[in-house]
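Reading through the structure tokens given below for one structure.
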Amino acid sequence: MWWFQQGMCFLPAALVVWTAASFIFPYITAVVLRHVDPFVPYISDTGTMAPERCVFGIMMDVSAFLGMATMYVRYKQVETLLGVDDLKLLRLNCIGLWVGWTSSFGMCVVANFQKTTIFYMHLVGAILTFGFGALYILLQSVLSYYMQPHIHSRTIYLLRLCIGFWTLGSIFSMFISSVIMYTSLIGVDVPRKLHWTPGEAGYTAHIISTISEWFLAFSFISFFLTYIRDFQKINLRAEVDLQSSHLYDWTHGHNPPSHHNGRAPSEVSPLLAGTT
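For the sequence shown, the working numbering gives the first residue as 66, with consecutive numbering after it.
Have a look at this one:
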């Protein structure tokens, strides 16, 4: 059996590969068409103009879906491993799921509202993506702290904690450099500025900001890499409980046909209910 066939580790693996491709393919297209400068443009700049914005939008939407699915499986895994006794950690696990889903929704907003068209919606999406994404990483790091050493090793906890600090550092660096860049370019339509010349006002702050954004994006990718080994040890299944043996809305005076054994059929498929 191949490693990606073990459990559900294909989910975080697909999320990591697809999200990285969502950054790289639009970047290559935008650079080839000379829509952006080759040297570290904003990720959003590579998805601003057609045709790369179409590719960027579709691929980021798929990444958001994969992210939500991965976060749900992680939620079910932690819930099963903790049991029903530790209410504080169960609540924290539930909060982490909703925080993560909010971050994934922010990805859809960022991908579909380009900063050159509706900048404020794009900014809201970026705050949801990066802000709630960083909070999700910190919440999962806290859960990992309480789950070691009995459920997983201390190394995993320390690795996730380091990635959390990497994420926070990137956010802080991007925020400070962006403020400096905007204050040094008063009167310039910065959201629509896709080409920069070395030495012009705000160029250094712009480069620091773009590098910080790329670092931030890849810190998220690195965090989900830590799920791959954990997901090898979980499978999910769905249990369908039918309330009737037919799908008709019977009116008064009509008797529905009865099933030969008197019971409604049931189905089971490998999707939802968690097992570890």
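Glycine is no exception: its CB is placed at the ideal position from the N, C-alpha and C atoms.
DSSP three-state assignment for residue i, whether helix, strand or coil
i: Arg99; result: coil
i: Val175; result: helix
i: Glu265; result: coil
i: Leu259; result: coil
i: Val253; result: coil
i: Leu301; result: strand
i: Asp306; result: strand
i: Ser238; result: helix
i: Met73; result: coil
i: Gln213; result: coil
i: Tyr247; result: helix
Under 8 Å between C-beta atoms of residue i and residue j
i: Val138; j: Leu76; result: yes
i: Leu162; j: Leu80; result: no
i: Phe280; j: Ser235; result: yes
i: Thr167; j: Phe197; result: yes
i: Leu208; j: Leu154; result: yes
i: Ile228; j: Ile245; result: no
i: Leu301; j: Met73; result: yes
i: Trp239; j: Ser287; result: Position check: residue 239 holds Met in this sequence, whereas Trp was assumed. No, the Cβ-Cβ distance between Met239 and Ser287 is not below 8 Å.
i: Ser169; j: Met133; result: yes
i: Asn158; j: Tyr185; result: no
i: Ile293; j: Ala78; result: yes
Exposure of residue i, with buried meaning 16 or more beta-carbon neighbours within 10 Å
i: Gly165; result: buried
i: Gln142; result: buried
i: Arg305; result: Going by the sequence as given, residue 305 is Val instead of Arg. Label assigned to Val305: exposed.
Meets three-Cβ-pair contact criterion under 8 Å: the stretch 113-127 and the stretch 189-209:
no
Where are the alpha helix (DSSP H) runs, 4 residues long or more, that stay fully inside the stretch 99-168, in chain order?
As for any alpha helix (DSSP H) of minimum length 4 sitting wholly inside the stretch 99-168, the runs are 117-147, ordered along the chain.
Within the chosen definition, does the stretch 215-227 reach the stretch 255-271 through at least 3 CB pairs nearer than 8 Å?
Judged by Cβ distances under 8 Å, the stretch 215-227 makes no contact with the stretch 255-271, as fewer than three pairs qualify.
Are three or more beta carbon pairs between the stretch 142-152 and the stretch 101-112 nearer than 8 Å?
No, they do not touch.
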